[in-house]
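Undergrad: Please read through the structure below; I'll follow up with questions.
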Amino acid sequence: MSDTDDLAELAKRRGFYFGSAGAYGGVAGFYSFGPQGAALKRNVEDAWRETFTTRLGNHEIAGPTVMPEPVFEASGHLDGFDDMLVDCPGCGESHRADHLVEDATGVEDAEAIPIPEVEELIADSELVCPSCGTSLAGQPVEEFNLMFETTIGPGDGQSGYLRPETAQAIFVEFPRLKQYARNQLPFGITQIGPAYRNEISPRRGIVRTREFTQAELEQFVDPTDDDPPLADVADVELRLYPTTEQETVSGEYLVRTVREAVAEGVVESTWVAYFLGTAQRWYDRIGVDGRRLRFRQHLPGERAHYASDCWDAESEIGGEAAPDRLSDDPTAGEWIEIAGFSDRGAYDLSKHDEYGDSEFTVFRQYDEPREVDRATVDPDMSVLGPKYGGDAADVADALQELARRDPDAFDDGSVTVTVDGEPYEVASEVANFAVETVTEAGEHLMPHVIEPSFGVDRTVYTLLAHGYREDEVDGEPRTSLALAAEVAPTAVGVFPLVSNDDDLVALAESVAAELRAAGLDVAYDESGNIGRRYRRQDEVGTPLCVTVDHESVEGGREATVTVRDRDTTAQVRLSVDGLDDDLTAVVAGERSFASLREAGVVVGE
Ligand code: GAP
1 MSDTDDLAEL
11 AKRRGFYFGS
21 AGAYGGVAGF
31 YSFGPQGAAL
41 KRNVEDAWRE
51 TFTTRLGNHE
61 IAGPTVMPEP
71 VFEASGHLDG
81 FDDMLVDCPG
91 CGESHRADHL
101 VEDATGVEDA
111 EAIPIPEVEE
121 LIADSELVCP
131 SCGTSLAGQP
141 VEEFNLMFET
151 TIGPGDGQSG
161 YLRPETAQAI
171 FVEFPRLKQY
181 ARNQLPFGIT
191 QIGPAYRNEI
201 SPRRGIVRTR
211 EFTQAELEQF
221 VDPTDDDPPL
231 ADVADVELRL
241 YPTTEQETVS
251 GEYLVRTVRE
261 AVAEGVVEST
271 WVAYFLGTAQ
281 RWYDRIGVDG
291 RRLRFRQHLP
301 GERAHYASDC
311 WDAESEIGGE
321 AAPDRLSDDP
331 TAGEWIEIAG
341 FSDRGAYDLS
351 KHDEYGDSEF
361 TVFRQYDEPR
371 EVDRATVDPD
381 MSVLGPKYGG
391 DAADVADALQ
401 ELARRDPDAF
411 DDGSVTVTVD
421 GEPYEVASEV
431 ANFAVETVTE
441 AGEHLMPHVI
451 EPSFGVDRTV
461 YTLLAHGYRE
471 DEVDGEPRTS
481 LALAAEVAPT
491 AVGVFPLVSN
501 DDDLVALAES
511 VAAELRAAGL
521 DVAYDESGNI
531 GRRYRRQDEV
541 GTPLCVTVDH
551 ESVEGGREAT
561 VTVRDRDTTA
571 QVRLSVDGLD
581 DDLTAVVAGE
591 RSFASLREAG
601 VVVGE
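Its first residue numbered 1, the sequence shown is counted upward by one per residue in the numbering used here.
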């Protein structure tokens with residue numbers, strides 16, 4: 001593969017993606033996908049939807065991208081969604097302090113290091129501003145919250161934030177979603193859509209941006225009861241890089257099937273292992289190079305505030321020489337995170353249960369009714385009423401809720417509950433706390449969440465990096481993209497051999513129309529010589545090209561055309577009659593080009 005600049009240049013020139021609003025000087029971290037890129041991204045999303053929503057029997061929702069502040073107070077993003085920022089005293093440019101330290105010192109996972117130690121590392125390593133060279137020693141490192149804030153409504157309005165992950169738009173709707181699932185665990189909800197992060201230093205094109213697309217699945221499970229259908233992926237082989245190997249000098253990859261990874265405890269959660277296997281299969285299908293893909297477990301200090309365990313899918317996006325060198329050395333190559341697989345436990349739902357007004361639990365019926373102890377309160381309203389006026393009823397409700405959630409809180413002489421952000425202290429004897437024995441038909445259970453979270457833009461970047469080829473055809477240099485037919489922006493290029501023959505053009509146009517009617521994305525092109533037209537399609541990854549020539553026109557009802565394979569440039573003559581079925585089968589991965597060659601008349605050998 002060529003270097004990153006070649007890929008970025010190709011992406012811009014051929015309409016995959018480019019910095020947005022160029023006419024106004026652009027703004028870092030925002031990209032537009034051109035016609036080729038938008039089609040590639042849409043195909044990746046469709047393939048993801050087919051696997052993670054349809055085949056797994058899940059349901060997709062579409063939530064808003066702006067949500068009010070209390071949602072992010074509950075989710076922990078307001079307090080804990082920070083990166084380390086250091087400003088250059090010379091040019092004023094802001095940098096990610098942890099990235100500067102990692103790049104200059106070889107320290108891994110600097111994000112997990114306390115700020116004073118990062119400041120020390122900056123000073124000791126004599127780090128300078130990458131933009132102007134001014135020393136950064138002595139500069140304060142600060143926590144910078146990555147959420148974009150906005151105001152909802154006119155005037156002072158209500159404070160809101162652009163969602164930093166699509167997940168929260170699923171969690172906040174759980175009280176309704178559980179009803180649609182008829183209170184039956186496990187069930188999965190997916191969402192594909194934009195997320196926003198005010199990244200300190202966006203970099204490498206669409207790899208780190210401020211607006212990007214996530215494809216997320218929130219799998220709600222009963223932690224005591226539910227198991228995934230592990231057998232479906234038990235034999236899928238994974239290249240795993242667990243914490244134990246990362247923390248060992250000359251640590252190695254562990255290549256294990258999903259079954260082995262679970263049996264040996266390399267991946268602790270069976271649900272996480274199940275999704276790693278499903279993801280590996282999906283990556284194979286859409287054309288991620290298996291030699292440049294691995295699953296790396298997060299080190300303890302690296303995990304997000306909500307995760308008890310997390311594995312990242314990482315792809316290697318360095319140079320062409322990388323794949324062989326990479327096979328067994330985890331420290332070689334340039335890796336980016338393209339998806340995360342987290343065990344979020346009960347963190348999110350219990351937080352929203354605590355902060356929101358609805359119940360985020362599901363009701364689980366017992367086989368037989370059971371006698372259980374239940375904590376209750378019977379607040380003395382003759383005390384609460386005069387003391388708290390219009391808020392008294394809400395305080396009573398909050399006491400009831402506290403008794404359900406944390407009965408031990410009533411052990412002391414008084415309890416404090418929060419209503420609309422205000423603390424209210426109530427004497428335990430006024431709350432009238434008691435534990436009574438009742439017969440219950442079931443229990444309210446807080447589901448756990450397992451979350452596969454994919455970055456669509458980084459997946460697109462990976463496909464471009466892994467598909468990029470430079471070779472020679474007929475003595476001429478050629479650039480091509482070996483994209484899987486299922487995700488390639490264009491499935492078939494159709495060309496008349498010459499553009500000044502009406503019969504030939506008419507036949508080519510009708511072939512293109514027939515292929516489009518069969519649901520294939522077709523690019524019709526009659527400009528320039530045929531070699532140039534092949535090169536143009538090769539560069540955007542079109543897997544098949546059809547050329548209509550004089551022999552085609554002379555064939556009448558028995559007309560044949562030449563079909564060319566992008567990667568091998570091999571050709572075959574096929575009948576126009578049935579061409580739509582033949583090419584659809586190849587694009588769907590049901591037939592190989594080699595099998596077309598067996599069925600047709602081979603050209604050029
Ligand atoms: N809900 C979990 C979550 O958001 P994450 O690891 O922060 O987890 C998931 O993000 C995926 O989103 C990442 O694996 C990555 O592919 C993508 N992503 C995160 N930040 C990004 C950014 N600034 N630009 C592009 N993609 C990003």
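Where is the CB? At the ideal position from N, CA and C, for every residue including glycine. From a predicted model like this one, the values you see are computed outputs, not experimental measurements.
Here's the rule: buried if 16 or more other CB atoms are within 10 angstroms of the residue's CB, otherwise exposed. What is residue 216?
TA: In the sequence shown, counting from the first residue as 1, residue 216 sits at position 216. Buried, by the Cβ-count rule.
Undergrad: Grab me the residues of residue 197's own chain with a C-beta within less than 7 Å of its C-beta, minus the 5 sequence neighbours each way, in chain order.
TA: The count along the sequence shown starts at 1 and reaches residue 197 at position 197. For residue 197, where only same-chain residues beyond five positions count, the Cβ hits under 7 Å are 146, 164 and 210.
Undergrad: Candidates 205, 156 and 258: which alpha carbon is nearest residue 230's?
TA: Numbered from 1 along the sequence shown, position 230 holds the residue referred to as residue 230. When only C-alpha atoms are compared, the closest one is 258.
Undergrad: Hey, would you say the C-beta of residue 467 is under 6 Å away from at least one heavy atom of the ligand NAD?
TA: Absent from the structure shown: the ligand NAD. Ligands present: the ligand GAP.
Undergrad: Residue 212: beta carbon under 6 Å from a heavy atom of the ligand GAP?
TA: Counted from its first residue, the sequence shown places residue 212 at position 212. Residue 212 Cβ: within cutoff of the ligand GAP.
Undergrad: Are the CB atoms of residue 541 and residue 481 nearer to each other than 7 Å?
TA: The sequence position of residue 541 within the sequence shown is 541, counting from 1. The sequence position of residue 481 within the sequence shown is 481, counting from 1. Closer than 7 Å, so yes.
Undergrad: Around the C-beta of residue 132, are 16 or more other C-beta atoms found within 10 angstroms, so that it is buried, or is it exposed?
TA: Mapped onto the sequence shown, residue 132 falls at position 132. Looking at its Cβ environment, which holds fewer than 16 other Cβ atoms inside 10 Å, residue 132 is exposed.
Undergrad: Touch check for the segment 494-501 and the segment 520-540: three-plus C-beta pairs under 8 Å?
TA: The segment 494-501, when compared against the segment 520-540, does touch it at the 8 Å Cβ threshold.
Undergrad: With three or more C-beta pairs closer than 8 Å as the rule, is the segment 53-62 touching the segment 477-495?
TA: Touching, no, given that fewer than three Cβ pairs across the two stretches are closer than 8 Å.
Undergrad: Classify residue 1 as buried or exposed, calling it buried when 16 or more other Cβ atoms lie within 10 Å of its own Cβ.
TA: Within the sequence shown, numbered from 1, the residue matching residue 1 stands at position 1. Because the pLDDT of residue 1 is 41, which lies under 50, any placement of that residue in the model is unreliable, and the number read from its coordinates should be weighed accordingly. By the neighbour-count rule (16 or more Cβ atoms within 10 Å), residue 1 is buried.
Undergrad: Evaluate the contact criterion for the segment 34-50 versus the segment 117-136: three or more CB pairs, one atom per stretch, below 8 Å.
TA: Contact between the segment 34-50 and the segment 117-136 is absent, because fewer than three Cβ pairs lie under 8 Å.
Undergrad: Could you tell me whether the segment 107-122 touches the segment 66-78, using the rule of 3 or more Cβ pairs below 8 Å?
TA: Touching, no.
Undergrad: Helix, strand or coil for residue 609? Go by DSSP, reduced to three states.
TA: Beyond the ends of the chain as shown, which are 1 and 605, falls residue 609; an answer cannot be given.
Undergrad: Given 8 Å as the limit, is there contact between the segment 183-191 and the segment 455-464, that is, 3 or more CB pairs closer than that?
TA: Too few Cβ pairs lie closer than 8 Å, so no.
Undergrad: Could you give the DSSP three-state label for residue 241: helix, strand or coil?
TA: For the purposes of this step, residue 241 is taken as residue 241 along the sequence shown, with counting starting at 1. In the structure shown, residue 241 sits in a strand (DSSP, three-state: E or B).
Undergrad: Suppose you measure from the CA of residue 224 to the CA of residue 331; what does that come to, to the nearest Å?
TA: Position 224 of the sequence shown, counting from 1, holds the residue named residue 224. Position 331 of the sequence shown, counting from 1, holds the residue named residue 331. Rounded to the nearest angstrom, the two C-alpha atoms are 38 Å apart.
Undergrad: Using 10 angstroms around the beta-carbon of residue 345, count the other beta-carbons present and answer buried if the total reaches 16, otherwise exposed.
TA: On the sequence shown, residue 345 is found 345 positions in, with the first residue counted as 1. Classification of residue 345: buried, given that the 10 Å Cβ count is 16 or more.
Undergrad: Mind checking who residue 362 pairs with in its DSSP beta bridge?
TA: Numbered from 1 along the sequence shown, position 362 holds the residue referred to as residue 362. DSSP, once it has assigned bridges, lists 445 as partnering residue 362.
Undergrad: When DSSP labels each residue in this structure, what does residue 196 get in the three-state scheme?
TA: Against the sequence shown, residue 196 aligns to sequence position 196. Of the three classes helix, strand and coil, the one that applies to residue 196 here is strand, per DSSP.
Undergrad: Flag residue 453 as yes when its Cβ comes closer than 6 Å to any non-hydrogen atom of the ligand GAP, and as no otherwise.
TA: Within the sequence shown, numbered from 1, the residue matching residue 453 stands at position 453. Correct: residue 453 has its Cβ closer than 6 Å to the ligand GAP.
Undergrad: Give the DSSP-derived three-state secondary structure of residue 1 in the structure shown.
TA: Start at 1 with the first residue of the sequence shown, and residue 1 comes out as number 1. Because the pLDDT at residue 1 is just 41, under 50, the model does not fix this residue reliably, and the value given afterwards should be weighed accordingly. Residue 1: coil per DSSP, three-state reduction.
Undergrad: Within 10 Å of its beta-carbon, does residue 423 have 16 or more other beta-carbons around it, so buried, or fewer, so exposed?
TA: Here residue 423 refers to the residue found at position 423 of the sequence shown. Under this definition residue 423 is an exposed residue.
Undergrad: Leaving out five residues before and five after residue 600 in sequence, what residues of the same chain have Cβ atoms less than 7 Å from its Cβ?
TA: Residue 600 sits at position 600 when you count from the first residue of the sequence shown. Counting only Cβ-Cβ distances below 7 Å, and skipping sequence neighbours, we find 572, 573 and 574.
Undergrad: Let's see if you can read the secondary structure: which residues bound the beta strand (DSSP E) around residue 184?
TA: To locate residue 184, count along the sequence shown from 1; it is residue 184. Where residue 184 is concerned, there is no enclosing beta strand (DSSP E), given that its DSSP letter is neither H nor E.
Undergrad: Considering only residues of the same chain and omitting the five flanking positions on each side of residue 254, which have a CB-CB separation below 7 Å?
TA: On the sequence shown, position 254 is the one that residue 254 refers to. Only 240, 242, 245 and 266 meet the Cβ criterion.
Undergrad: What is the DSSP secondary structure of residue 484, counted as helix, strand or coil?
TA: Translated into the one-based positions of the sequence shown, residue 484 becomes position 484. DSSP places residue 484 in coil when its eight states are reduced to three.
Undergrad: Can you find a CB in chain B that lies within less than 7 Å of the CB of residue 351?
TA: Here chain B cannot be found, since the structure has a single protein chain.
Undergrad: Which complete beta strand (DSSP E) runs does the segment 101-161 hold, if anything under 3 residues is left out?
TA: Listed in chain order, they are 141-145 and 149-152.
Undergrad: Alpha carbon to alpha carbon, how far is residue 167 from residue 309? Give it in angstroms, no decimals.
TA: Position 309 of the sequence shown, counting from 1, holds the residue named residue 309. Position 167 of the sequence shown, counting from 1, holds the residue named residue 167. Going from the Cα of residue 309 to the Cα of residue 167 covers about 17 Å.
Undergrad: With residue 66 and residue 172 assumed to form a contact (beta carbons below 8 Å), what rounded beta-carbon distance in angstroms separates them?
TA: Here residue 66 is taken as the residue at index 66 of the sequence shown, counted from 1. Here residue 172 is taken as the residue at index 172 of the sequence shown, counted from 1. About 12 Å; that fails the 8 Å criterion.
Undergrad: Identify whether residue 283 lies in helix, strand or coil by the three-state DSSP scheme.
TA: In the sequence shown, counting from the first residue as 1, residue 283 sits at position 283. Note: residue 283 maps to helix in three-state DSSP.
Undergrad: Any heavy atom of the ligand GAP inside 6 Å of the beta-carbon of residue 457?
TA: Numbered from 1 along the sequence shown, position 457 holds the residue referred to as residue 457. The answer is yes for residue 457.
Undergrad: Mind checking residue 129: buried by the 16 CB within 10 Å criterion, or exposed?
TA: Position 129 of the sequence shown holds residue 129. Counting Cβ neighbours within 10 Å, residue 129 comes out buried, since at least 16 surround it.
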